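Going by my numbering, the first residue of the sequence shown is number 40, and it counts up by one from there.
Quick reminder that beta carbons are idealized off the backbone N, C-alpha and C, glycines included.
All values reported here derive from a predicted model rather than from experimental measurement.
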Amino acid sequence: MTPRTEEAGSSGLASALVEAGALTSDWLPTFKAVPRELFVPDRIWPGIADGTRQATLVDRAKDADAWFQAVYSDIPLTTQWDDGQHAGDGLGVTPTSSSSMPRMVFSMLADLGVQEGHRVLEIGTGTGWNAGLLSHRLGGANVVSVEYDEDVAKDAGENLRGADLSPLVIVGDGRSGHAGGSPYDRVIATCSVGEVPRTWIEQTCPGGVIVAPWGTEYGGEHIVRLVVGADSTASGPFTRSSAFMRLRQQRTERPPFSAYFNGRKWPAGGARSTTALSPADIGGWLQQFVIGLLLPGAFWRVERYDDGSYTLWTYSTDTESWASADYVPKADRYEVVQSGPRNLWDETEGAYRWWEEQGRPGFERFGLTVDGDGERVWLDSPYRPVPIRNP
Ligand SMILES: C[S@@+](CC[C@H](N)C(=O)[O-])C[C@H]1O[C@@H](n2cnc3c(N)ncnc32)[C@H](O)[C@@H]1O
C-alpha cells in the first residue's frame with residue numbers, strides 16, 4: 040500500500056470518528072500526529088464490528104494491504120492471547136491485550152476532559168497508543184501508564200520511542216496506581232473492573248476525574264465517569280456501553296456445568312415452573328447491565344439448538360444454585376427449572392420487573408458511588424441506590 044493510501048485510510052477513519060461524535064475537535068491534531076499504525080504490531084487478530092468475535096490472523100509481512108485496512112478501521116485489534124501463552128497463527132482462548140476500538144479510545148478521552156497541564160495516570164498500557172495520544176496532548180512528563188504484562192510494556196515502550204513520545208511506562212499491577220507520580224488530575228483505565236481500586240481515588244486530586252469500564256459478573260459493562268470528592272469518595276454517571284478486557288486480578292473463573300450437577304442429569308431435582316418473561320427479552324446489553332446490578336455473584340450461558348430454541352442457564356458463582364429457562368420461538372410461556380438456595384430465575388425476573396417499574400431507564404440514568412462503605416450503583420441520584428438482593 041502506498042503512503043497516499045495510508046493517509047486516505049487515516050483521514051477516512053478520522054471522518055468516521057468525527058461523524059460518530061467520538062473524535063472531538065480538540066483531539067483531531069493529536070489523532071493526526073500520533074498515527075495508530077506506529078503502535079500496532081505486525082501480527083493482529085482484528086475484531087469483528089459487533090465487538091464479540093475475532094477474525095483470523097492478519098500478518099503485515101504477508102498482506103500489508105489487509106493490515107493497513109484493519110489499522111484504519113474502527114475495530115479493536117487483538118495483539119495478545121492468553122496472557123502471552125498462546126503461540127501460532129490460530130485464535131487463542133481469551134484475548135488479553137489489544138489496540139482498543141478507536142471510537143472507544145476517543146470517546147473515553149472526551150469523557151476524561153483533559154486540559155493543558157493535567158497529570159494523567161493510565162491503567163493498561165497495551166500497545167501504548169492511548170498513552171501516546173495523551174503524551175502528545177499533555178507532554179510525556181505528565182503521563183504515567185501502568186501495564187501488568189512485562190512483554191506488552193516493553194513493546195509499548197518501543198512503540199512510544201518510535202513515535203518520539205515519552206510517558207513514564209511502569210510494569211506493575213495497575214490496582215496500586217503509581218504513587219510516585221501522584222496526585223493525578225485524571226485516571227483512565229483501559230481494562231475493565233468490577234470494583235474500583237481505592238488507590239485510584241486516593242491518588243487523584245479532589246475534583247479530579249476517573250474514567251473506567253465497570254461491569255458485574257453478569258455482563259453489560261459500561262464506562263463510568265467518577266468525580267473525586269475532597270473526602271476520598273468518588274461518584275458519577277455511566278456514559279456509554281463498552282466491552283473491555285478485564286483487569287487481570289479481577290478476572291473470575293466461571294465454574295463448569297459439571298460443578299453444578301455432580302454427575303446428575305437435568306432437572307436434577309430442581310423445581311419446575313413456567314414464566315411469561317421471554318429469555319429473549321433479557322439478553323440485551325442494557326438488560327444484562329441492570330440484571331447484573333441486582334444479581335450479584337451470578338452469570339449466564341446460552342445453549343443453542345438447531346431449531347432456533349435455546350436454554351438460558353443462570354448460575355451462582357458459588358456453584359450452589361442454577362436455573363434453566365427454555366426459549367422456544369413464538370411461545371408465550373417458557374419452562375423454568377431452579378435449584379439451590381437462590382431462586383435465580385425468580386431473582387432475574389424480579390430485576391427485570393424492577394427495571395420496567397422504573398420506566399425502563401437507559402444506562403445514562405445510572406451512576407456509581409465509591410466511598411468508605413464500598414460501591415453502590417444508583418438510579419438518577421446517589422440517594423437512590425439500586426436495591427441489590429443479598430444472595
Ligand atoms: C485493552 S488493552 C489496553 C489498550 C491500550 N490502552 C492501548 O492503547 O493499546 C488492556 C491492557 O490492560 C492490561 N492489564 C490487565 N490487568 C492489568 C493490571 N492489573 N495492571 C495493569 N495493566 C493491566 C493488559 O495486559 C492489556 O495490555
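Residue i burial status per 10 Å Cβ neighbour count (16 or more: buried)
i: Y187; result: buried
i: S378; result: buried
i: V341; result: exposed
i: T291; result: exposed
i: A319; result: exposed
i: Q288; result: exposed
i: Y373; result: buried
i: D419; result: exposed
i: D194; result: buried
i: E388; result: buried
Whole-number beta carbon distance between residue j and residue i, since they are thought to touch under 8 Å
i: V132; j: G165; result: The pair is not a contact, with the Cβ atoms about 19 Å apart (cut-off 8 Å).
i: G247; j: D224; result: 5 Å
i: T255; j: G331; result: 3 Å
i: V226; j: W239; result: 5 Å
i: T118; j: S137; result: 5 Å
i: D357; j: G336; result: 7 Å
i: W168; j: R303; result: Contact flag wrong, Cβ pair sits at about 50 Å.
i: R142; j: A61; result: 4 Å
i: V267; j: T229; result: 19 Å between Cβ atoms; not a contact.
For residue j and residue i, the rounded distance between their alpha carbons
i: V159; j: L173; result: 8 Å
i: M40; j: G86; result: Only weak support exists for where M40 lies, its pLDDT of 45 falling under 50; the value from the coordinates is given anyway. So the alpha carbons of these two residues sit roughly 22 Å apart.
i: G201; j: V329; result: 44 Å
i: G233; j: F107; result: 34 Å
i: S231; j: F283; result: 6 Å
i: Y391; j: N382; result: 14 Å
i: A307; j: T314; result: 20 Å
i: P368; j: R343; result: 12 Å
i: V97; j: L130; result: 11 Å
i: W66; j: V110; result: 18 Å
i: E414; j: A105; result: 44 Å
Residue i, DSSP secondary structure in three states
i: T238; result: helix
i: M40; result: Unreliable positioning characterises M40 in this predicted model, as indicated by a pLDDT of 45, which lies under 50. A coordinate reading is not provided.
i: I427; result: coil
i: L407; result: strand
i: E256; result: coil
i: F296; result: coil
C-beta contact flag for residue i and residue j at 9 Å
i: S184; j: E155; result: no
i: P426; j: W393; result: yes
i: A362; j: G322; result: no
i: W384; j: T350; result: no
i: W253; j: S280; result: no
i: N198; j: G219; result: no
i: L286; j: G275; result: no
i: T69; j: A149; result: no
i: G407; j: V263; result: Reading the sequence as shown, one finds Leu at residue 407 and not Gly. The answer is yes: Cβ separation under 9 Å.
heavy atom of ligand 2 below 8 Å from residue i C-beta
i: E155; result: Ligand 2 is absent from the structure shown, which contains only ligand 1.
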